[in-house]
Amino acid sequence: MWMEPDPKVAEPDHWLRTASQQKKLDHVLKSVAALPPRLREIFELTPAGGIKKEHHIWHDLQLDIDSLPAGRVVLLGDAAHAMTPFRGGGGHHALIDALKLSKALGRLHADDDGKDIDAVRGSIAEYNAEVLKRGWKAVQDSR
4 MWMEPDPKVA EPDHWLRTAS QQKKLDHVLK SVAALPPRLR EIFELTPAGG
54 IKKEHHIWHD LQLDIDSLPA GRVVLLGDAA HAMTPFRGGG GHHALIDALK
104 LSKALGRLHA DDDGKDIDAV RGSIAEYNAE VLKRGWKAVQ DSR
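Here it is in structure tokens:
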């Protein structure tokens, strides 16, 4: 799969909407021409018929901290900060989110605060703030 950021790809007259499979392949081959042969090979061996006719638009997601209440539902991974796959950071951040959430819940358990709704909300609010701040930067970097 070849992915290339293009802020204009969603426009109705973008060239990808009408380009032939061959024209799309030619564009990719031109884009990878400077790569070493072993990295270009997969693209050079792809026939025009192997190129998707439709184009795909990747969207990211940035949530505002004020839009995420600290309650019984907690977001992590792409649910909290969906990003384009250009940097491959989504899985990494999902793992960090899971670790941070498990530590927050573990502290509540260790302090015997799991039944104190204010303590739970406070802990989840801290988790949300950290996840969204870190996620916001990752989403920006993935563009």
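Per the working numbering, the sequence shown starts with residue 4, numbered consecutively. All C-beta atoms in this analysis are idealised placements derived from N, C-alpha and C, irrespective of residue type, glycine included.
- In the DSSP assignment, residue 40 falls within the alpha helix (DSSP H) that extends over 40-47.
- In the assembly as shown, residue 79 is a buried residue. Its beta-carbon has 16 or more other beta-carbons within 10 Å.
- Bounds of the alpha helix (DSSP H) holding residue 95 are 93-113.
- In terms of Cα proximity to residue 47, the closest of 55, 32, 137 is 32.
- With a 10 Å radius around the Cβ and a threshold of 16 neighbouring Cβ atoms, residue 126 comes out buried.
- Residue burial annotation: residue 134 is buried, with at least 16 other C-beta atoms found within 10 angstroms of its C-beta.
- Here residue 96 is buried, its C-beta having at least 16 other C-beta atoms within 10 Å.
- Spanning the alpha carbons of residue 115 and residue 103 requires a straight line of approximately 18 Å.
- Residue 73 and residue 124 do touch by the CB rule: their CB atoms are close to 4 Å apart, below 8 Å.
- In this chain, the alpha helix (DSSP H) harbouring residue 33 covers 24-34.
- Taking a C-beta distance under 7 Å as the contact criterion, residue 19 and residue 58 qualify as a contact pair.
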